[in-house]
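Some notes on the structure that comes next.
Number of protein chains: 2
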Amino acid sequence: MFDRNLFHDLPAELPSELTDILVENRYVRIERIVSTGHASPEGFWYDQDQAEWVVLLTGAARLLMEGESEPIFLKPGDHLLIPAHRKHRVEWTSPQEATVWLAVFFCDSA
Amino acid sequence: MFDRNLFHDLPAELPSELTDILVENRYVRIERIVSTGHASPEGFWYDQDQAEWVVLLTGAARLLMEGESEPIFLKPGDHLLIPAHRKHRVEWTSPQEATVWLAVFFCDSA
Chain A
27 MFDRNLFHDL PAELPSELTD ILVENRYVRI ERIVSTGHAS PEGFWYDQDQ AEWVVLLTGA
87 ARLLMEGESE PIFLKPGDHL LIPAHRKHRV EWTSPQEATV WLAVFFCDSA
Chain B
27 MFDRNLFHDL PAELPSELTD ILVENRYVRI ERIVSTGHAS PEGFWYDQDQ AEWVVLLTGA
87 ARLLMEGESE PIFLKPGDHL LIPAHRKHRV EWTSPQEATV WLAVFFCDSA
């Protein structure tokens, strides 16, 4: 019954962002994402078919929404809802510690 | 665009468990739940139509699943999946600090 801990199994070295799928079915997908200094590639924008609710749990990040001039700075506990097809990119994550995100992707229709 | 912080707005005194709905549509409901020493009433069992993925973010709790002899002790980061209609109750939460849970309820059918 008892599953896992979001803050365990954080690799000491992380060549690229690490994504673990915690729950997945046709309605919802819950992911733990770990970044250590990683950012979206230059010019890359996420453009997702599903809505995403995301919370930053440890570390720090800057998230840029398309059309905004300034990124959003996220600290632990900060959460936001990204509608489907709202383009966004991760400009920066802290290089000094693991940034742990929890993301819930879900169908957006009313 | 930027919403809120899960660890802000924690009441100093909490007469009963506090639930904030962060996202809700027909497929998914995301809740922040704050407990400070609260437990399920004697003899009460949660029996939910939807599956629930839950993570404890701060504090500590003991969760009992029906049919198990021992509760599960949860510390920050611990998460588990509770299938629909799997009866469970909160036996105990820490009286000394806010226990913040994040719960994602979703349709369970394949």
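Going down the list, the protein sequences come from chains A and B.
Residues in the first sequence are numbered consecutively from 27, following the working numbering.
Residues in the second sequence are numbered consecutively from 27, following the working numbering.
The beta carbon of each residue, even a glycine, is placed where N, CA and C say it ideally should be.
Is there a C-beta anywhere in chain A that falls below 8 angstroms from the one on B/Ile56?
The residue given as residue 56 of chain B occupies position 30 in the second sequence. True, the Cβ-Cβ gap to chain A drops below 8 angstroms.
Which of the three DSSP states, helix, strand or coil, is assigned to B/Asp73?
If you number the second sequence from 1, residue 73 of chain B lands on position 47. Three-state result, B/Asp73: coil.
Within 8 angstroms of any Cβ in chain A, is that where the Cβ of B/Val116 sits?
Here residue 116 of chain B corresponds to residue number 90 of the second sequence, with the count starting at 1. No, no contact with chain A.
Cβ-based neighbour list, A/Trp79, same chain, cut-off 6 angstroms, excluding 5 preceding and 5 following
Within the first sequence, numbered from 1, the residue matching residue 79 of chain A stands at position 53. Hits under 6 angstroms: Leu107 and Val130.
Looking at the structure shown, is B/Thr119 part of a helix, part of a strand, or coil, going by DSSP?
As a first step, residue 119 of chain B is located in the second sequence; it is residue number 93 there, counting from the start. Here B/Thr119 sits in strand by DSSP.
Enumerate in chain order the residues of its own chain whose CB-to-CB distance from A/His64 is below 8 angstroms, with the five nearest sequence positions on each side excluded.
The residue labelled residue 64 of chain A in the question sits at position 38 within the first sequence. Answer for A/His64: Leu40, Ser42, Glu43, Val116 and Thr119, listed in chain order.
Taking B/Ala38 as the reference, give the member of B/Pro121, B/Phe132 and B/Pro102 with the closest Cα.
Here residue 38 of chain B refers to the residue found at position 12 when the second sequence is read from its first residue. Comparing Cα positions, the closest option is B/Pro121.
Residue interval of the beta strand (DSSP E) (run including B/Asp104):
In the second sequence, the residue the question calls residue 104 of chain B occupies position 78. Asp104 to Ile108 is the span of the beta strand (DSSP E), which, as asked, contains B/Asp104.
So B/Leu83 and B/Val126 are in contact, right, with Cβ under 8 angstroms, and what is the actual spacing, rounded?
Within the second sequence, numbered from 1, the residue matching residue 83 of chain B stands at position 57. Within the second sequence, numbered from 1, the residue matching residue 126 of chain B stands at position 100. The pair is a contact, with the Cβ atoms about 5 angstroms apart (cut-off 8 angstroms).
Counting only beta-carbon atoms, is B/Val130 nearer than 8 angstroms to chain A?
For the purposes of this step, residue 130 of chain B is identified with residue 104 of the second sequence, where counting begins at 1. Taking Cβ atoms only, chain A reaches closer than 8 angstroms to B/Val130, which makes this a yes.
Report the neighbours of A/Val81 on chain B: residues whose CB is nearer than 8 angstroms to its CB, in chain order.
The residue given as residue 81 of chain A occupies position 55 in the first sequence. Neighbours of A/Val81 on chain B, chain order: Leu32 and Leu128.
Name the chain B residues whose beta carbon is nearer than 9 angstroms to that of A/Gly103?
Sequence index remark: in the first sequence, residue 103 of chain A carries index 77 (1-based). Those are Arg30, Asn31, Leu32, Phe33, His34, Leu83 and Val126, listed as they occur along chain B.
A/Ala38, DSSP secondary structure in three states
Position 12 of the first sequence holds residue 38 of chain A. It is coil, neither helix nor strand.
Would the beta-carbon of B/Val60 fall within 8 angstroms of that of B/Ala110?
One-based indexing of the second sequence puts residue 60 of chain B at position 34. One-based indexing of the second sequence puts residue 110 of chain B at position 84. Not closer than 8 angstroms, so no.
Going by C-alpha distance, which of A/Glu96, A/Gly85, A/Ile98 and A/Phe99 is nearest A/Phe33?
In the first sequence, the residue the question calls residue 33 of chain A occupies position 7. Closest by alpha carbon: A/Gly85.
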